[in-house]
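Engineer: FYI, in mature numbering (1 follows the signal peptide of the UniProt record, and there is no 0) the residues of the sequence shown are -24 to -1, 1 to 276.
We put the CB at the ideal spot given by N, CA and C, even for glycine.
Since the model is a prediction, treat every value here as computed from it, not as a measurement.
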Amino acid sequence: MCRWLTFPFVTAALALAVSSAAVSSEQTRTVEVNGVTLPYVDQGEGNPVVFVPATIADHRVWEPYREAIAREHRFISYTKRYFGTEPWPDDGEQFSSETHAADLAAFIRALDAGPVYLVSWSYSGQIVPLMALEHPELVRGMVHYEPHVPSLVAEMPEEIQAAIAEDNNKYGPAMEALEAGDAEQATKLFIEAVFQRSPGGFEQEPEYMRVIWLDNARTVPLQVAMTPPAISCEDLATLEQPTLILRGEHSDVYYASVADTMAQCQPQAELGVIPGVNHDGTFNAVEDFTAAILDFLAEH
């Protein structure tokens, strides 16, 4: 059973505190795990909270959360293998959720940080459960914002599956750009589709997010070619850690349905809704997401 939560807009004081944590040139460290070098940021003391970036992103995407989280906890964010601006260790043949989950476990051990709280968004919402299933001893709790777990669609009612299939047509222009070899244009079109923007809307996104997305555009062909992991409701039911699953009020049918299904599958899950946003809640509702994370950490 999952408990429903709704997160209202937070106070102006907290909003100011969080928004003042603008993206800066933070001190980035590196650590060797599984034969690769991963950049990361580590600030604060207390219970470690590891922020795992979404696809087409790196550790910088979590920068607006650093100061607020680090005031009470140990904030850690890192860049996954193949992401960021550093040279790749190979041609991308190991790009997979399984690789990223194994790297995450090794990263936590390398920092001697476990058990940790984990925060995910989108693609990392399949990495974190994979790692938790394999290494439950490393995980204290999880917070997911609109997890991307395609394997759960097969367990949904047929009418929802049909609605998701129809909605996925919005990614057609991005796929055409990718097939034409234009990863940068494909990235812009993917962003406009997933965040429900009008044509050209990419240019209206926050500058720091546009920089991060374009820096990671080279990963889009790898992501599209990847086979998603076969995570089932039965698998998720074995996870005993407290978990908060959030979605936006205006989420599309896929992300809303995955969040709902995932929350129903996990025995210790709570499901919450952030008002006024869709899949963009992590950067367009920083204050609300920060408040939700801090409330969860205080309770668990």
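1. Any idea what DSSP makes of residue 185, helix, strand or coil?
2. How about residue 275 and residue 249: do their beta carbons lie closer than 9 Å?
3. How far does the alpha helix (DSSP H) with residue 108 in it reach, from first residue to last?
4. State the CB to CB distance for the pair residue 223 and residue 122, rounded to an integer number of angstroms; the pair is presumed to be in contact (CB under 8 Å).
5. Whole angstroms is fine: what's the gap from residue 181's alpha carbon to residue 32's?
6. With distance defined between alpha-carbon atoms, name the residue in 232, 11, 265 and 190 nearest to residue 139.
7. Among the candidates 103, 169 and 116, whose CA atom is the shortest distance from the CA of residue 227?
8. Can you tell me the Cα-Cα spacing of residue 171 and residue 145, whole angstroms?
9. Does residue 234 pass the burial test, meaning 16 or more other C-beta atoms within 10 Å, or should it be called exposed?
10. Only counting the same chain, and skipping five residues up and downstream in sequence, which positions put a Cβ closer than 8 Å to that of residue 12?
11. Counting only beta-carbon separations shorter than 9 Å, does residue 169 have a partner in chain D?
12. Taking residue 268 as the reference, give the member of 110, 72 and 220 with the closest Cα.
13. In three-state DSSP terms, what is residue 83?
14. Quick one: is residue 5 buried, meaning 16 or more other Cβ sit within 10 Å of its Cβ, or exposed?
15. Return yes when the Cβ of residue 37 is within less than 9 Å of the Cβ of residue 272, no when it is not.
16. Determine the DSSP secondary structure at residue 257, reduced to helix, strand or coil.
17. Using alpha carbons as the reference points, say which of 183, 164, 176 and 204 lies closest to residue 194.
18. Spell out a yes or no on whether the region 115 to 129 and the region 147 to 157 are touching, meaning 3 or more CB-CB pairs, one atom from each, closer than 8 Å.
Structural biologist: The answer reads as follows:
1. Judged by DSSP in its simplified three-state form, residue 185 adopts helix.
2. With respect to residue 249, residue 275 sits apart: the two C-beta atoms are not nearer than 9 Å.
3. Per DSSP, residue 108 is one residue of the alpha helix (DSSP H) stretching across 100 to 110.
4. Their Cβ separation, rounded to whole angstroms, is 5 Å, which keeps residue 223 and residue 122 in contact under 8 Å.
5. Distance between the alpha carbons of residue 181 and residue 32: 15 Å.
6. If we check each option's Cα against that of residue 139, 232 comes out closest.
7. With distances taken between Cα atoms, residue 227 lies closest to 169.
8. C-alpha separation (whole angstroms): 14 Å.
9. Buried: at least 16 other Cβ atoms inside 10 Å.
10. Taken in chain order, the residues that qualify are 57, 65 and 79.
11. The chain inventory of the structure shown lacks chain D, comprising one protein chain alone.
12. Ranking the options by Cα distance to residue 268, first place goes to 220.
13. Three-state result, residue 83: helix.
14. By the neighbour-count criterion, in which 16 or more other beta carbons inside 10 Å mark a residue as buried, residue 5 falls on the exposed side.
15. Result no, Cβ atoms of residue 272 and residue 37 do not sit closer than 9 Å.
16. For residue 257, the secondary structure class from DSSP, reduced to helix, strand or coil, is helix.
17. With distances taken between Cα atoms, residue 194 lies closest to 164.
18. Counting Cβ pairs under 8 Å, fewer than three are found: no touch.
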